[in-house]
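Chemist:
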Amino acid sequence: MKKDIFVLGIHDGHNSGAALVKNGKVIAAISEERLRNIKNYSGTPELAIKEVFKIAKIEPQNIDLIAIASLIRTHSPLSEEPFFVKSYRKIVPYIHGQWFSKVYVNILHKLRKMETLKKIFRELRIEGKEIIFVEHHHAHAACAYYQRPWKDKTLILTLDGSGDGVSSSINIGEAFKIKRIAWSVSYNSLGNNLYSEITGYLGLKRWEHEYKVMGLAPFGRADYCLDKIKKIIRIHPNKPLEFQNTIRAYAIDIQKKLRKLLSEERFDNIAAACQSYYEDLLIKWVKNCIKETGIRKLACAGGMFLNVKANKLIYELEEVEDVFFYPPAGDEGTPVGSALEGYYRYCEKEGVMPERHPLRDLYYGRKFDDDYFEFVLKKKGWIDKGIYTKSIAEELASLIAKGKIIAIFWGRDEFGPRALGNRSIIADPRDLRVISKLNFAIKQRDFWMPFAPSILEEKANDYLIDAKVSRYMVEAFDTREKADEIIVGLHQADRTCRPQTVNEWNPKWRKTIESFQNLTKVSGIVNTSFNLHGHPIVGSPEIALETLQNSGLDGLALGNWLILK
Ligand SMILES: [Fe+2]
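Quick note, the sequence shown lines up with residues 20 to 584 if you use the working numbering.
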């Protein structure tokens, strides 16, 4: 009988986490932030490594391989970087060719600190297992390529701030191999130099708040300062697959130049110009990649592919036959990518025919049962306000139709930045008053940020123009007039929307929306992640109750328990 092959994937940098892959299929994955309740936790994912074995009910000793993402650890904020990494950043602006990049990445890889990981391996008695390192952008590419929905040869694009000296890569995927054909070094990073530095310039957090710049962009006038923004970066005039830094500065030095360049410009116009120029460069780059390779099916990953507005333009391109955006596109996805790459290399070495599993749902995390919820409710003193009901979906639909805002905590955690119905806050999409209630009482979010809807998949075409299956909230759509019914889930300035189309993968979630439709004839609800502003998505029933206590939420569904304030 064929032996099962288990690979543990680890990312120990910014947005760290762990994943477990069995025969090429992800069976458990969780980010450290959910277990520590620290957003975008950066560091060794000790809890996540231990947790994935518990989730999958696998003894650690059963694994065949450990695959670690990134040759060099990614650090955020930069002040946490070790001295030798900081030193290389000082040199990089002056020597920034691809050859030099490869050399310093090799040197830094040899200096990579492994003590904390090795301590965990010893505790789990897996210290003797084979370890491989998967280069950062290769890990991004692997997430998208090996889980793509088709079989054909694929053009794989990765784009992020920076990782292992690389900021973008173009690869060709065929069978079980990924081959890189071009890349840009960190110094020429489109993500960092343009988007993240503008994010920082606007007083927001680099590598976290880029989505706020994207949300702000439709309110501004790009043309007011586009010419200035264009001075930052361009596509290399002689190398159409690479970007070229034209502001001639890197990291903090860019800020000094931006202060001179943009000091007279309004913040919303800067956001608009940043988004517009980003879209412009991205689309030209994608077209160049297709022209160069002749491949029209694209798989994309890396944090910049969380920019849903730019993603929309990619799939609208005539040249693109099909495109797959891997949803946990940022570094949080790399434990999965490294584990998958590890699996295929292990099979190759052992002469085993590998399996491949296209992406389905992302419910890879922890699950708690109703008995445990009851135990926590008693322990935390909430049991008197709790009602146990088998009709929880109908109850929730009825409550939100009456204007209540309710959080959901059931099933397994979603992997990645989006809540997809198991760790969500839900509300009536028809009532604009919900926006201010959500913004100020619950999320304390910036007023310009839009909310998103979850829509019954078969009804998506009623609301969206050129609707297609979009189950992970990584694509944006223009909307029809009927979308006034779900007005809270649209961007206030341009009426676009970033929906989750809901199929049968999560029956309780689907039933909630169906029940809302039965009551109101509206086929979608507002779905925003269950967390307070600045916190990660809620990771345990205990934190769920604390969040209920410290917010303006009207109620909480913990499994089949309904708790109303
Ligand atoms: Fe990355």
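All residues carry an ideal CB built from backbone N, CA and C; glycine is no exception.
1) Taking 6 Å as the cut-off, is the beta-carbon of G182 closer than that to any non-hydrogen atom of ligand 1?
2) DSSP puts R253 in a beta bridge; with which residues?
3) In terms of alpha-carbon separation, which member of R285, I582, I217, S205 lies closest to D242?
4) If you follow the alpha helix (DSSP H) that P560 is part of, which residue opens it and which one closes it?
5) Taking L381 and F434 to be in contact with their CB atoms under 8 Å, please state how far apart those CB atoms are, rounded to whole angstroms.
6) Could you check the C-alpha separation between H510 and F195 for me, to the nearest Å?
7) So, do the segment 331-351 and the segment 134-151 have three or more beta carbon pairs nearer to each other than 8 Å?
8) With a threshold of 16 other CB atoms inside 10 Å of the CB of V488, please say whether the residue is buried or exposed.
9) Can we say the segment 443-460 touches the segment 481-496, given the rule of at least three CB pairs closer than 8 Å?
10) Is D23 close to ligand 1? I mean its beta-carbon at under 6 Å from any heavy atom of the ligand.
11) Within the continuous alpha helix (DSSP H) that includes P526, where are the two ends?
12) Kindly indicate which three-state DSSP category V371 falls into: helix, strand or coil?
13) What's the gap between the Cα of E374 and the Cα of Y345?
14) Taking the alpha helix (DSSP H) that E523 belongs to, which residues open and close that run?
15) From P518, K58, V395, G430, pick the residue whose C-alpha is nearest to that of P526; which is it?
16) Please list, in chain order, all residues of the same chain as I273 whose beta carbon is under 8 Å from its beta carbon, the five residues on each side excluded.
17) On the DSSP letters alone, give me the boundaries of the alpha helix (DSSP H) that L551 sits inside.
18) Cα separation between R53 and Y391?
19) Please report the distance separating the alpha-carbon of N257 from that of D31.
20) Can you list, in chain order, the residues of its chain with a C-beta nearer than 7 Å to that of K456? Leave out the 5 residues immediately preceding and following it.
21) Determine the direct distance from the alpha carbon of I91 to that of G370, and round the result to whole angstroms.
22) Which of the three DSSP states is assigned to G356 in this structure?
23) Quick one: residues in its chain with C-beta nearer than 6 Å to the C-beta of Y206, no 5 flanking neighbours on either side, listed in chain order?
24) Can at least three beta-carbon pairs, one atom from the segment 545-559 and one from the segment 358-372, be found at a separation below 8 Å?
25) Looking only at its chain, what residues have a beta carbon closer than 6 Å to the beta carbon of L378, apart from the 5 residues adjacent to it on each side?
26) In angstroms, rounded to a whole number, what distance separates the CA positions of K132 and I150?
27) State the DSSP-derived secondary structure class of A486, mapped to helix, strand or coil.
28) Under three-state DSSP, which class holds Y382?
29) So, are the CB atoms of I200 and I189 less than 7 Å apart?
30) Cα separation between H94 and F394?
31) At the level of alpha carbons, what is the spacing between I505 and R517?
32) For ligand 1, any of its heavy atoms closer than 6 Å to the Cβ of D83?
33) Cutting at 6 Å between CB atoms, please list the residues of its own chain near W202, excluding the five before and the five after it.
34) May I ask which residues mark the beginning and end of the beta strand (DSSP E) holding F428?
35) Straight-line CA distance for E367 to V26?
36) Quick check on the DSSP output: the beta strand (DSSP E) that includes F585 runs from which residue to which?
Modeler: Inspection of the coordinates gives the following:
1) Result yes, Cβ under 6 Å from ligand 1.
2) Q263
3) The option with the nearest alpha carbon to D242 is R285.
4) 560-568
5) 5 Å
6) 40 Å
7) no
8) Note on V488: under 16 other CB atoms within 10 angstroms of its CB, so exposed under the neighbour-count rule.
9) no
10) no
11) 526-539
12) In the structure shown, V371 sits in coil (DSSP, three-state: anything other than H, G, I, E or B).
13) 19 Å
14) The continuous stretches of alpha helix (DSSP H) do not include E523, and DSSP gives it neither H nor E.
15) G430
16) N212, E216, I251, I266
17) Looking at the DSSP string, L551 is not in any alpha helix (DSSP H), and its letter there is neither H nor E.
18) If I take the Cα positions, the gap works out to 18 Å.
19) 36 Å
20) Spatial neighbours of K456 in its own chain (CB-CB distance under 7 Å, excluding positions within 5 residues in sequence) are listed in chain order as I424, G571.
21) 30 Å
22) helix
23) Correct list, in chain order: V111, H115, N264, Y269.
24) No, they do not touch.
25) Q166
26) Using only the alpha carbons, I get a separation of about 14 Å.
27) coil
28) Y382 falls in the strand class under three-state DSSP.
29) yes
30) 39 Å
31) Between I505 and R517, the C-alpha separation is close to 12 Å.
32) no
33) Cβ contact annotation for W202 (same chain, cutoff 6 Å, sequence separation greater than five): V185, S188, in chain order.
34) 425-428
35) 14 Å
36) Because residue 585 is not part of the residues shown, which for the chain are 20 to 584, the question remains open.
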